[in-house]
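Residues in the sequence shown are numbered from 95 upward in steps of one, following the numbering used here.
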Amino acid sequence: MLSFKYIFIIFFSIIFLILIFRLLFKRKFYYTSYYCENKEYDINEINMRHNILSALKKSNFKKIRVDKNKFTAISLPTMSSLSELIRVEINQVTDSKSVVRFTSRCFNPIQIFDWGKNRRNSNRFFINLNL
């Protein structure tokens, strides 16, 4: 039977290897849980930007950053997870149609299960988007 000392060493060795793997591949591969959803709206891109910004604020996401058609924010920590990284992108389909892509990913690089928090973030955002 393995002692606590060896289990401790194995556990932190795995975490260390995951972090090294992430650094080698420049964070392109994640072992975290994420949720992605796309919705199409009959509204132009300029008006959609304003609506997305207000929906992110109403959803109580923090550290909201805007870069042209991309928005990033961070959700508050809860018992389900430490925090999530929120990304929202707007793609103009036609002059009057836009597609909103919402992605919620666990902020902790080794959190595999999100316990439904990423989907709840998406639902809360789209309810507050309210179009």
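Note that the Cβ used here is the ideal one computed from N, Cα and C, for glycine as well. Predicted model only: the values in this text are computed from it and were never measured.
Asked                                                                                                                                      : Found
Alpha carbon to alpha carbon, how far is residue 215 from residue 168? Give it in angstroms, no decimals.                                  : 10 Å
What's the gap between the Cα of residue 112 and the Cα of residue 204?                                                                    : 8 Å
Would you mind reading off the limits of the alpha helix (DSSP H) that contains residue 148?                                               : 139-152
Locate the alpha helix (DSSP H) running through residue 223, then write down its first and last residues.                                  : 211-223
Taking only the alpha-carbon atoms, compute the straight-line gap between residue 136 and residue 156 and give it to the nearest angstrom. : 27 Å
Would a C-beta distance cut-off of 7 Å place residue 198 and residue 212 closer than the cut-off?                                          : yes
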